[in-house]
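The structure appears below as structure tokens.
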């Protein structure tokens, strides 16, 4: 069988038969890939520990009819160890893996921006950002906002997301795409503080220096808005895919 090599992050695994596993990975060149790891659940397996979620690997795969087959694995970054030692970081990392899995839908389609973003976010969780360590919640919020932007759901934190009126604006509506002016503001829109909107903008753009001194209230408010925005647009993405499949 023809083989190929790629760098990938293991997103999830599930059992197959008595000794095998199906490994779902986000790869640098081929996007989402599912492959069978033969005998990986046996204690004698040479690369079982390298194919756990959070593993960043250099993997050689043999092309199969329905699923590719793992032929060789080398570890690049073992993110799972450091993350498992810190529960907040671990839970943030789990959300990252699940989000990447949901946003990158098509198998075999290049998704290099998502791959690079996920590797960078996991590295920031375990080794700190370019400007030093940050709380896991901030790293997660930055990842979620940037991953959604890569998928075409970039939020606006300044100009009106509906009419484009120059901001800043005081209202925020996840369903509308972010900040909204008073004329476009839907009922029930949030009214976050200016500090919160500035923090969200910095997280979206990866400006970590601007997040050095963050008030707890602004961080909590930013996380709440990020969660609401992510939930709305992930659901929208899934609905769109279901409509296309029909």
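In our numbering, the protein residues as written are 74 to 319. Backbone N, C-alpha and C define an ideal beta-carbon position, used for all residues, glycine too.
Go ahead and pull the three-state DSSP assignment for residue i.
{"i": "residue 136", "result": "coil"}
{"i": "residue 215", "result": "helix"}
{"i": "residue 308", "result": "helix"}
{"i": "residue 81", "result": "strand"}
{"i": "residue 69", "result": "Residue coverage of the chain in this structure runs from 74 to 319, which leaves residue 69 outside it and unanswerable."}
{"i": "residue 99", "result": "strand"}
{"i": "residue 223", "result": "helix"}
{"i": "residue 319", "result": "Because residue 319 carries a pLDDT of 40, less than 50, the predicted location of this residue cannot be relied on, and no value is offered for it."}
{"i": "residue 93", "result": "strand"}
Give the C-beta separation of residue i and residue j to the nearest angstrom, bearing in mind that I take them to be a contact with Cβ-Cβ under 8 Å.
{"i": "residue 179", "j": "residue 104", "result": "7 Å"}
{"i": "residue 35", "j": "residue 277", "result": "Residue 35 lies beyond the residue range present for the chain, which begins at 74 and ends at 319; the question has no answer from this structure."}
{"i": "residue 291", "j": "residue 307", "result": "The Cβ separation is near 24 Å, so there is no contact."}
{"i": "residue 294", "j": "residue 266", "result": "7 Å"}
{"i": "residue 218", "j": "residue 269", "result": "With a Cβ gap of about 13 Å, residue 218 and residue 269 do not count as contacting."}
{"i": "residue 156", "j": "residue 162", "result": "5 Å"}
Considering only the alpha carbon of each residue, which of the options lies closest to residue i?
{"i": "residue 262", "options": "274, 278, 245", "result": "245"}
{"i": "residue 123", "options": "150, 138, 136", "result": "150"}
{"i": "residue 154", "options": "228, 126, 224", "result": "126"}
{"i": "residue 275", "options": "88, 90, 212", "result": "212"}
{"i": "residue 220", "options": "200, 273, 169", "result": "169"}
{"i": "residue 201", "options": "152, 142, 177", "result": "152"}
{"i": "residue 139", "options": "115, 161, 157, 106", "result": "106"}
{"i": "residue 85", "options": "97, 241, 79, 91", "result": "97"}
{"i": "residue 257", "options": "270, 131, 243", "result": "243"}
{"i": "residue 189", "options": "236, 162, 268, 129", "result": "129"}
{"i": "residue 20", "options": "165, 305, 174", "result": "Nothing about residue 20 can be read from this structure; the chain reaches only from 74 to 319."}
{"i": "residue 99", "options": "82, 87, 148, 299", "result": "82"}
{"i": "residue 181", "options": "266, 102, 270", "result": "102"}
{"i": "residue 203", "options": "282, 79, 108", "result": "282"}
{"i": "residue 251", "options": "161, 177, 108, 303", "result": "303"}
{"i": "residue 144", "options": "269, 77, 279", "result": "77"}
{"i": "residue 108", "options": "141, 91, 120", "result": "141"}
{"i": "residue 136", "options": "234, 192, 75", "result": "75"}
{"i": "residue 280", "options": "205, 119, 173", "result": "205"}
If we ignore side chains and look at the alpha-carbon of each, how far apart do residue i and residue j end up?
{"i": "residue 255", "j": "residue 301", "result": "20 Å"}
{"i": "residue 110", "j": "residue 171", "result": "21 Å"}
{"i": "residue 146", "j": "residue 223", "result": "28 Å"}
{"i": "residue 89", "j": "residue 207", "result": "38 Å"}
{"i": "residue 93", "j": "residue 199", "result": "29 Å"}
{"i": "residue 247", "j": "residue 285", "result": "26 Å"}
{"i": "residue 238", "j": "residue 232", "result": "6 Å"}
{"i": "residue 288", "j": "residue 296", "result": "12 Å"}
{"i": "residue 114", "j": "residue 216", "result": "32 Å"}
{"i": "residue 260", "j": "residue 194", "result": "34 Å"}
{"i": "residue 225", "j": "residue 214", "result": "17 Å"}
{"i": "residue 230", "j": "residue 175", "result": "24 Å"}
{"i": "residue 253", "j": "residue 241", "result": "9 Å"}
{"i": "residue 133", "j": "residue 79", "result": "7 Å"}
{"i": "residue 192", "j": "residue 91", "result": "31 Å"}
{"i": "residue 185", "j": "residue 131", "result": "15 Å"}
{"i": "residue 177", "j": "residue 183", "result": "9 Å"}
{"i": "residue 167", "j": "residue 158", "result": "14 Å"}
Contact criterion: CB-CB distance below 8 Å. Does residue i meet it with respect to chain D?
{"i": "residue 282", "result": "Absence of chain D from the displayed structure is noted, only one protein chain being present."}
Every unbroken alpha helix (DSSP H) within the stretch 154 to 199, with a cutoff of 4 residues, ordered by chain: Counting whole runs of 4 or more residues, the stretch 154 to 199 contains the alpha helix (DSSP H) stretches 160 to 176.
Start-end ranges of the beta strand (DSSP E) lying completely within the stretch 242 to 305, minimum 3 residues: 244 to 246, 251 to 253
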